[in-house]
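Here the sequence shown is numbered in our numbering, starting from 6 and rising by one per residue.
Virtual Cβ for every residue (Gly too), placed ideally from N, Cα, C.
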Amino acid sequence: MTSLATLPRLTSHQDTPHHIANLSLVNIAARQRMLSQRMILQTVMATNDDAEWLRAAQSSLRIFTESQHHLRATIEQLEPASARKITEAYEGSNGVGPTVNTFMHLMRSALDQIESGSPRSADTTAELVGHTDRILTALNTATTAFDEVGQARSDTMMKELAGIVEDIQGVAKEAKVVSFNAQVMAARAGQHGREFAVVANVLSDITGEIDRLTRKAAVLAERSRSK
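Here is the structure:
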């Protein structure tokens, strides 16, 4: 999984659940895998007329459903190529969308039947458990797609950063030449060039700091590329 948080992050808005706020899409997608397995366990435990497990399963389903809706909705925020990759992962010929939808439907049905005391709850829960491997595989596929999108965005960002660093280095070199020429002119001006010399020295210090920062940025960009 990519080490950089390069996918869009969700900011805290009134309509954004707290469990989603400030998480990257790839982290939300990865968390869905854990939630799916937790829900299955909680639902199985709830079949023993345990109200606490039932409430826990219902809470997990709410988080899972909200997260899933958000993952799908944020496709519109991605670049066209990234949006196509995620859309293909969910809606393509081998898309995971139907598997995820079936899982959520079964989970909701099982919990509703358990809560109402329906005799069908045992069979529905058994069917739900039978989907364990399928939903885990589907969510792994979705997480991989989001991770690949994140890595592609990371590579693009690193290229852009390298270009910016190169531009800044070019400006710094030009500033050095200007500073040197200013110092020479100040020296030639003698007494009248003292104030000009002060400005030239300050400019020299600034270009030196720019040089230091651009070298540091270049090193960081290279380290990020090598990860």
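Query: A51 beta carbon near the ligand ATP (any heavy atom closer than 7 Å); Result: Of the ligands one can find in the structure shown there are none, so the ligand ATP has no counterpart to examine.
Query: Euclidean distance between Cα positions of A127 and A86; Result: 44 Å
Query: CB of S72 within 8 Å of CB of Q37, strictly; Result: yes
Query: Whole-angstrom distance between D216 and R43, CA atom to CA atom; Result: 52 Å
Query: C-beta atoms of V154 and K221 nearer than 8 Å; Result: no
Query: L133 vs I45 beta-carbon contact at 8 Å; Result: yes
Query: DSSP-derived helix/strand/coil call for S98; Result: coil
Query: Nearest-angstrom Cα separation, counted from G213 out to V101; Result: 54 Å
Query: Where A182 falls, given that 16 or more other Cβ within 10 Å makes a residue buried; Result: According to the sequence displayed, residue 182 carries Val and not Ala. Burial call: exposed.
Query: Close Cβ partners of L111 (< 8 Å) along its chain, the five nearest in sequence each way excluded; Result: T129, E132, L133 and H136
Query: Closest Cα partner of Q82 within the set S114, F151, R60 and D138; Result: F151
Query: Expected contact under 8 Å - CB spacing of L116 and L66 to nearest Å; Result: 7 Å
Query: Cβ shell of T148 (< 6 Å), same chain only, five flanking positions each side left out; Result: A34 and A35
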